[in-house]
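S.K.: Can you keep this structure in mind? I'll have questions shortly.
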Amino acid sequence: MHVPVSARSCSWGVGGFRALKAMGITPGVLHLNEGHSGFAVLEAVRDRMQEEGLDFDTAANQIPQEVILPPTLRCRQATTAFLPI
1 MHVPVSARSC
11 SWGVGGFRAL
21 KAMGITPGVL
31 HLNEGHSGFA
41 VLEAVRDRMQ
51 EEGLDFDTAA
61 NQIPQEVILP
71 PTLRCRQATT
81 AFLPI
């Protein structure tokens with residue numbers, strides 16, 4: 001079954017954030033080292049809105065202070081190595 005990259009990325013980013021929350025872990029920092037992790041930012045905004053009763057703009061302005069982008073993702077031509085775990 002073919003699953004579009006965008007659907008996989010969304011499920012990994014959102015799912016990863018939700019998995020941490022399910023384990024009782026509220027991330028203080030989001031380290032974005034892959035494209036799919038960008039969806040974790042959207043989930044963090046949604047979570048902040050729900051947990052603290054914030055509107056979208058307020059929550060969305062707080063989250064970037066908690067995001068780390070590796071230097072390779074800050075440049076125009078980034079490369080990523082996928083390593084088996």
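In case it helps, this note's numbering puts the sequence shown at residues 1 to 85.
Just so it is clear, CB atoms sit at the ideal spot from N, CA and C, and this is done for glycine as well.
Keeping to the same chain, check which residues put their C-beta closer than 8 angstroms to that of residue 85; ignore five residues upstream and five downstream.
M.R.: On the sequence shown, position 85 is the one that residue 85 refers to. Note that residue 85 scores 40 on pLDDT, short of 50, meaning its location in the model is unreliable; the coordinates nonetheless yield the value given after this. Excluding positions up to five away in sequence, the list is empty.
S.K.: Start and end of the alpha helix (DSSP H) containing residue 42?
M.R.: Locating residue 42 in the sequence shown gives position 42, counting from the first residue. Counting along the chain, the alpha helix (DSSP H) containing residue 42 begins and ends at 38-52.
S.K.: Buried or exposed: where does residue 43 fall if 16 or more other Cβ atoms within 10 Å of its Cβ makes it buried?
M.R.: Taking the sequence shown and counting its residues from 1, one reaches residue 43 at position 43. Buried: at least 16 other Cβ atoms inside 10 Å.
S.K.: For residue 68, I'd like the list of residues in its chain whose CB is within less than 8 angstroms of its CB, leaving aside the five on either flank, ordered along the chain.
M.R.: Position 68 of the sequence shown, counted from the start, is the residue given in the question as residue 68. Excluding sequence neighbours, residue 68 sits near 29, 30, 31 and 32.
S.K.: In this structure, does DSSP put residue 20 in helix, strand or coil?
M.R.: Within the sequence shown, the letter at position 20 stands for residue 20. In the structure shown, residue 20 sits in a helix (DSSP, three-state: H, G or I).
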